[in-house]
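UniProt numbering puts the first residue of the sequence shown at 1, with every later residue one more than the last. Heads up, the beta-carbon is just placed ideally off N, CA and C, and yes, glycines get one too. The structure displayed is predicted, hence computed values, not measured ones. For reference, the structure is listed below as structure tokens.
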Amino acid sequence: MENNYRIFKEKKKNYKRILDNLLNVDKIDTSLKLTVDEKNFIDLHELLDEKSIENIYLRQNFKVSLSNNNAEKILKDLSNVTNLNELKYVYRKHKQIIDEKTLNAFEKNFDSTLKKAKLFLEETINKNNNRWKKFLAKAKNINMERNIWPMQIGVLFISAEIEKRTIYAPLFFKEVNIEIKNGQATLFSNGDIKINEKLSWFLERGGYLFDLDEDVSQMSLKELEQNLKNIWSSYDIKSFKGKIENLESVIVNENYLEFHKGMVLGIFTSFGSYQRKVMEKIIENDEFDTILDVEINKNKYKTRIDRTIYDDNFNFIKINKTNFSQDVATVSALSQNTIIWGPPGTGKSQTISNIIANVIFFQKKAIVVSQKKAALDILKSRMNSLSIFCLFILNDNSMQKSKFYEPIVDLINKLENFKKANLPKLVKILDNDEKKHVDLLNKIKNSDNYEKDLEIYSFLKKQKKELSLKTIENLYKLSKNINLNPSRITKDPKKLKILIFETLKNKKVSAIKKLFIKFNDDINRDANIILNDFADYDGDLSEITNKIVDIEKEKLINIDEFYKHLIGDDKQDICNEEEITNYVTYRLFKKINNFNKEKTRLYHRFALAARNGWRDPYKFVLDHYVIIKELFPIIISSVDTELTKWDKEEFDYAILDESSQIFIEKAIPILYLAKIKILAGDDKQMQPTSWFSTRSDIEDIELGNIESILNYAVYKGIYSILLDKNYRSNFASLMTFSSKHFYNSKLDVIDKLTTFDEEPIEVYDINGEWKNKSNLEEAKLVVELAQANLSKYNKIIILTFNRPQRELIENIIFNKYLELEKAINEEKILLKNIENIQGDEADLLIVSVVYDKTTALSSTYVSRRGGQNALNVAISRAKNKMIIVKSIKANEIETLNTNDDLLLFKKWLLFLELSNDERKRYLLLDNQQNNNNSSESEVNNLVDKIIEKILKMSIFIEQNYKIKKDYIIGSKKIDLAILNKENMFLLGIAIDDYNNYSNYEEYIIFKDSISYLLSKKYNLLIIEKIKWLINRDKILNLIEEKLTN
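Structural data, given as structure tokens:
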């Protein structure tokens, strides 16, 4: 056992920082400073007699009475008293003094006063028992909620001052319990001795190291005391026995610590949290490294996704419209550990809600957590009616009873009044029609002369509109050089054969020969083909037969099939949410109707308690977890909620939203509960923060200084999928800087088609002065700009690059600007500094940079480690417009010995010095290849032909319209854009020349780009090359129709 203790101790060293950080030391933590209040913390020397104290001190396992023995003995002796002398004897026997007032009462009315004395003693005994009942109940409640037994005897008190904090607490605990039987309270122990881990860690921060090389858990308190005196001989270890000193009488010195005697019974939570207990279990079982499993061969992840998506039998649930990157993230997350990399405004919550919907429908279970309750509320709203299958479990103070119980009762009522349900129709990412389109295209593109083949087919199609498979086959059977126009010649078979004979032989047949001529099989065949397939053809047959010489029949058939294959416009985008809800309800209805007798009993208890709704929500969960596990496939919770009723891999999925803000030590115990782990977040945004507790700053042997679970997952190599389209910002220039410098230019950002005619980024360069960490000139201008824009925007954020500037602006507003103050109170205006902006967004963002050229930038937030992440968060909050007020220019920042964070801040200042058009084109060079997959000459050739025809359209000439090639709207460009004379966008034309895609994925990406443009409200026409070649006039009419409308 001693060997196991040492092994576990060594393992814990590797993860010391995250274990220490799970101790949750707050500012009023009683594990560091306690006061003996005789309620929660009780001096045993005041409570018990010497014999009981000795029993506790000497024995590993003990049992002592907590009853008021003296009161009970007096009461027993008083039952036999009949006169005053006997009464005095009883009180002397028990060393009690009768005061003069009470003695007079006995002398005047002995029987009545004796009755009152007995009643008083009975009440004293009852109060004592009630005291211990409450004490025990409190311990049990904590144990129920946190799965930690908190009742302990604290010994070896230490006083010290560390980090300006007074310490007065026991270093060791002995686990105890209370039994109340036959009205008698008994304190007993069969438990271990533990060290006060919070105090030990805090002492270590102050330079005091108390290390134990042996297991002391099974010792008695006396053995522990003697052992400590031996191993810590340099300290003056006091005896545990003795009355505890009040903190007020203890002199606490910052230069040294002191030991104090005392044995205190109390309710302690000094062993960390439930999460820490789980973490220790994970470390002890060597499971930490396997929580997030990774493949060495990363190709396996992509192969697994592709195999799923393009499987003909694959169907899934979508309750929100999503793009391809979001769908890929969903598919990946449902089958393997996945990072959903979600930059600002890319639809992370839509993706997660689709994942949850699939978990629900396919009868799996998931735990969903986030650091912020707001993120969970957004998820709930995205789930709509399916949220009825999601149980929100938060700490009691975070949950209103009505909000907690209402959806539970709704589900109960829905189940108990269920009627019928139909199997819902699922969706595909790529349907069979789309697959066939790509397959047919690849068939025709395999030809070396594919472009010429298309030209030939388009020629034939124009000549012969009804071009059937039989017609094509007959074309290849026709003799060449039949220079006849079928529509203008005889339909008499014999005469037709003579004409064919004459045109092939190039000579006339005499009248005599015409009477007796016999035709060979070829001429008979040609005549039949012409009469059956080409009788109405108005053109020279030889033109057609000569044209097809350069193309094989099979290729022509393939092109014809490709042209005629129609991709329907009725593809299902999302599932019917009501159908899914009803179907899942139907399955639950069947499940509860098949419950056995015991589960049926538990269900009725659950339903009664839910409808009653009086129990604290968290305690309700603890009481009814068996039925909750049966009815609710989704548990939604905060990272701090202790899920004590769930065990290792009991969930199929763990989904961590905003995972960049979740500390690794908070996340691992949650991930431990699931088989597949899904981490949604953005490691280019703010890292987790802990404003109200002390954190360890040492580096773990295994983890170094990794803080967030997302960073840990990234470094581990978990498969990551970027959500690659920004929907939040209505103007590309609001996000092009972030896309380039934080997302490798892979984040698509485009302008939304809007009548908003202001510049999306407006910069005010002023001569503000940095003074006392604020800038008064900037503050005044920011307030004026907020006042001027208040009526234009629904929501405004005023953002400052430090807290003193925010406070200065707040003071200016509250002292003078009543309208702005009202807007702040109504949350129409948010005042934020760079440290706490994450998660907020607004139509207008007004930024005060604060700094000037004299500022020591190395000490500012943007220059610290992680400062560039804060910058990314700050500049990505605006939907429509960002106004920057600054007193510093890029050339005023020295680049010599500059860290990466400050260097990026300088690049942002340089970006602000560009024109708006340059900011919009900021990604152009990076994305040139992405937007130009096709051959430049081929594209331009087709584009120029289309432009040539459009320019000749009457409406184009009459309205003085303009046409632009490669119309830039951010990271994307539209092949052709038609503008009016005021340069307002009217119509975009996307040209599908078939060079953008050659496989299923490329086709989806191409279609995805079109959908992205449409989502930004662009009027768009897609022109397919083959349709342009064949139906040019029809397409031109369509363009005119769209321009007219």
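Residue i vs residue j beta-carbon contact at 9 Å
i	j	result
L673	I340	no
V885	L781	yes
residue 1046	F188	Because the chain spans 1 through 1045 in this model, residue 1046 falls outside it and cannot be assessed.
G988	Y727	no
L943	K965	Reading off the sequence shown, one finds Val at residue 943, where the question assumed Leu. Yes; because the gap between Cβ atoms is below 9 Å, this pair is in contact.
I98	L87	yes
N315	V427	yes
S335	I360	no
G266	H45	no
L979	I947	no
V155	L221	yes
Y764	K684	no
K828	K795	yes
E280	K12	yes
S430	I309	With the sequence shown as reference, residue 430 is identified as Leu, and Ser is not the correct amino acid for it. Yes. Within cutoff.
Q350	Q661	no
L78	K127	no
N767	S887	yes
Reference residue i; option with closest CA among the options
i	options	result
N802	Y817, K795, L790, N836	N836
K401	E894, K590, N612	N612
R525	K494, Y537, L515	K494
N520	M735, L504, Y922	L504
E434	I559, E1002, L1013	E1002
L171	I628, K364, L224, L467	L224
D748	I237, I968, L515	I968
P407	L831, L631, K181	L631
E466	E416, I388, D536	D536
I1004	D327, S479, D623	D327
I548	L608, C575, K461	K461
V862	N983, V250, K907, G347	K907
N253	W232, E284, I875, R165	R165
Cutoff 6 Å; reference residue i; Cβ partners in own chain excluding five residues on either side
i	result
E892	K853
DSSP-derived helix/strand/coil call for residue i
i	result
A610	helix
V90	helix
M882	strand
N474	helix
D757	coil
P170	strand
H437	helix
R276	helix
S200	helix
Y576	Residue identity differs from the one stated: residue 576 is Asn in this sequence, not Tyr. Three-state DSSP puts N576 in coil, outside helix and strand.
Q218	coil
S189	strand
G262	strand
Distance between beta carbons of residue j and residue i, contact taken as under 8 Å
i	j	result
Q152	K174	6 Å
T545	L475	7 Å
K675	E649	5 Å
N337	L292	6 Å
Proximal residues to residue i (C-beta, below 8 Å), its chain only, five neighbours per side dropped
i	result
N384	I319, E577
R877	P344, I797, L799, I837, D840, E841, A842, L845
I356	A366, V368, L379, M383, L386, C390, I634, I655
Q805	K773, S774, N775, E778, A779, N833, S848, V850
L1020	I974, L987, G988, I989, A990, I1010, L1013, L1014
K452	D550, I551
L541	L478, I482, N483, L484, N485, P486, I530, F534
Cβ-based neighbour list, residue i, same chain, cut-off 7 Å, excluding 5 preceding and 5 following
i	result
K746	L722, D724
N61	S189, N190
E123	none
G183	N129
Cβ of residue i within 9 Å of any chain D Cβ
i	result
K277	Here chain D cannot be found, since the structure has a single protein chain.
heavy atom of the ligand ZN below 8 Å from residue i C-beta
i	result
S159	With respect to the ligand ZN, the structure shown offers nothing to examine, as it has no ligands at all.
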